[in-house]
Structures are given as structure tokens and as C-alpha cells.
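The structure appears below as C-alpha cells.
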């Protein structure tokens, strides 16, 4: 496994977006109010260069927010050109960006290759055309498939983003989206359960009673089905849940599946599901022991002991103990 690169984020909120998706307010989500300029790119790289790179894997410049390849070509080139001296002298090792699936073609990919971009992230969000339409995405699942195939054929690393809990979706359609995305063979995936952000169309729909909130519990439940889909194909999920920001934590996330440790909650649910299988034959009033790999102990026990409490109640156990065992791959019954 190669050393992990340090990410230098540069935000271009809403740049290139032809329409507003119902869930989106990139300025609230990213915490960046003004799109970056070439000067901001230089400043961000130079500030990062003054600090040691994390993990020894070098530094990667990442353009987040907006739809980079839908920005006018001259503006794309201005932002990318600002990074070239740092790419040439080794200050940064690579460039990544995120964009829409309907903003990819041969000319676009040739430009990105010319400027040293290595990773392209595509906001697929759903593989249901109905859900995409209700969410105001303005593209289809076929666009996602076409863009993914072109990106991979051109030799770029491909990251695909999906969401759960969008208007018109349910657990089964979200799992189907994960399966179809995994079938495209991306190098990684991001899973973003829907958060209701203020100043969005979704916020208005929710307040009008026309959208049912996708809660943290909803997200944990469905993502516990989704993660194994990617794991089965060896596709890393590099982010689960929105990255916490001061604005979102300060009240701009009005509802939905916003939690600063959502990924840990999902992993704990997966461990609970496995423990439930192991304890399926336990009798009422018994004492039970689960042997857990020490590095997974917090996930096994659950946040604030939630898994222990839930399992004891479900199986009417007199006591449930979790014991560290370095020989356990994950979790198993003990004596």
C-alpha cells in the first residue's frame, strides 16, 4: 500500500453547476463563500508546503465543490496553470478534481491530462433516473456510466460519489445504486447520506412536509448494507458522511443524516449485525462472551456501549462481555 497523500483543498463552490440540486448549498457544505482564484491556489499550496506532509505520501491539490470541468475552459486552465510550477518542482505530486458526469468528453479529458490531473471524482449521487430527476440533478444514470468508462479508458483514477435518502429513494434503491456504482469499477467511492442544509430547495420541501427526513438512524441502517457491497469488490469507501464544518455543526445542517462520526456509527452497526448472528442461539438469562480483535473493540461495544445494551436486551442476556483477543479476525463467540 502506498503512503497516503496530504490533501490541499481548494473550494470552487457552485462554479460550473448549470442548476441547483435540491440538496445543495456548496457554500454552506464546504464553508467557503467565494470561489477560489489562481492566487488562492498558489496561496494554498505555499501554505501547505510550509508544513510536513502527512504520512510521507506527498501532497495532492484537490479542487472540491462545483463542477470543475463545466467551468469555462479558460477559467479551468487558469486554475490548473497556477498549480503547474508546484507540480514541476515536486511541491505537489498530483491534482484531483470533482465534476458532473455530463461534463466529461474527450476534449475535457485531454485538457486534464495536459495539466497533470490524475484523479477525477464524479458526483453520481443515484443510479435511478427518477431519483435524479426529483433531485434536480439534470443528468441520467447513463451519463454516469459513460463518464466513468471514458475516465477509466483515459487512464485517470476514478472516484464515484453517491448519496442515500434523496427524494424518491428508499433503502433498496440506494443499495441498487451502490451495486451499479461498484460494477463500474471505481478506484474509490464516497457515500453521502442526505443532510438538510438551510437555504436549499430540500429544506423548503422538508418544512412543507413534502420530503421525509433521512435521519442518522436511517443512514446507519442503509449504509450498513452499502459498505459490504463495495468491500466485496475491494473498492475503498474513502468518505462516509459530510465532512464536519463549523457552519454545518453550528446549525446550517437543519436535519437529516449529519453526524461528525457517521462512519464509526455504521461500522459499529456492522459489528452489531455480526454479533447478532453469533448470539442467535443464546438462551434467555445466559452469560455470553464475544472475543474481539482489539483494534475493533470500540466498534464492537458501540458508541457509549450502545451495542452491548441492544444485544443484552434483544437476547435477554444476564450479561454480555467483550474480551480483547488478538487471534480474532473481527469478532467471534468466546467461552
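Residue numbers (full-length UniProt numbering): 1 to 335.
The beta-carbon is built from N, C-alpha and C at its ideal position, and this holds for glycine as well.
Just so it is clear, the structure is predicted and the values come from calculations on it, not from any experiment.
Quiz item: Going by the beta-carbon positions, is the gap between residue 189 and residue 230 smaller than 8 Å?
Solution: yes
Self-check item: Closest by C-alpha distance to residue 299, when choosing among 266, 314, 287, 124
Solution: 266
Exercise. Please state if the CB of residue 144 and the CB of residue 92 are separated by a distance shorter than 8 Å.
Key: no
Self-check item: Boundaries (first-last residue) of the alpha helix (DSSP H) holding residue 231
Solution: 216-232
Quiz item: For the candidate residues 200, 236, 241, whose alpha-carbon lies nearest to that of residue 217?
Solution: 241
Quiz item: Taking the alpha-carbon positions, what's the residue 301 to residue 308 distance?
Solution: 6 Å
Self-check item: residue 117 and residue 96 closer than 8 Å at C-beta
Solution: yes
Practice problem: Please determine, among 42, 50, 78, 23, the residue with the shortest C-alpha to C-alpha distance to residue 86. | Solution: 42
Quiz item: Taking Cβ to Cβ, would you say residue 197 is nearer than 8 Å to residue 223?
Solution: no
Quiz prompt | Per DSSP, cross-strand counterpart(s) of residue 11 | solution = 64
Practice problem: Give the single residue among 291, 277, 183, 297 whose Cα lies nearest to the Cα of residue 332. | Solution: 291
Practice problem: Closer than 7 Å by C-beta to residue 147: which residues in its own chain qualify, once you throw out the five before and the five after it? Chain order, please. | Solution: 101, 104, 122
Quiz prompt | Reduced DSSP secondary structure (H/G/I, E/B, other) of residue 280 | solution = coil
Exercise. Along the alpha helix (DSSP H) that carries residue 175, what are the first and last residues, could you check?
Key: 171-183
Exercise. Counting only the same chain and skipping the five closest in sequence on each side, list residues whose C-beta sits under 8 Å from that of residue 330.
Key: 271, 274, 292, 293, 296
Exercise. Determine the closest residue to residue 335 out of 39, 282, 131, 264, with distance taken between C-alpha atoms.
Key: 282
Quiz item: When we look at the beta-carbon of residue 199 and count the other beta-carbons within 10 Å, is it buried (16 or more) or exposed?
Solution: exposed
Self-check item: Cα-Cα separation, residue 78 to residue 52
Solution: 27 Å
Quiz item: Looking only at C-alpha atoms, which of 153, 115, 163 sits nearest to residue 137?
Solution: 163
Quiz item: According to the Cβ coordinates, are residue 98 and residue 128 closer than 8 Å?
Solution: no
Practice problem: Quick one: grab the DSSP three-state call for residue 250. | Solution: helix
Quiz prompt | residue 142 versus 61, 286, 157, 177, residue with shortest Cα-Cα distance | solution = 177
Practice problem: Could you name the residues of the same chain whose beta carbon sits closer than 6 Å to that of residue 115, not counting the 5 residues immediately before and after it, in chain order? | Solution: 80
Self-check item: Nearest-angstrom Cα separation, counted from residue 169 out to residue 209
Solution: 16 Å
Quiz item: Taking just the CA atoms, how far does residue 149 sit from residue 120?
Solution: 12 Å
Exercise. Look at residue 132 and residue 125 and say whether their C-beta atoms are less than 8 Å apart.
Key: yes
Quiz item: To the nearest angstrom, how far is it from the Cα of residue 20 to the Cα of residue 311?
Solution: 44 Å
Exercise. List the whole-angstrom C-beta distance separating residue 221 from residue 171, where the pair is believed to meet the contact cut-off of C-beta under 8 Å.
Key: 7 Å
Quiz item: Tell me which same chain residues have a C-beta within less than 6 Å of the C-beta of residue 9, skipping the five on either side of it?
Solution: 62, 64
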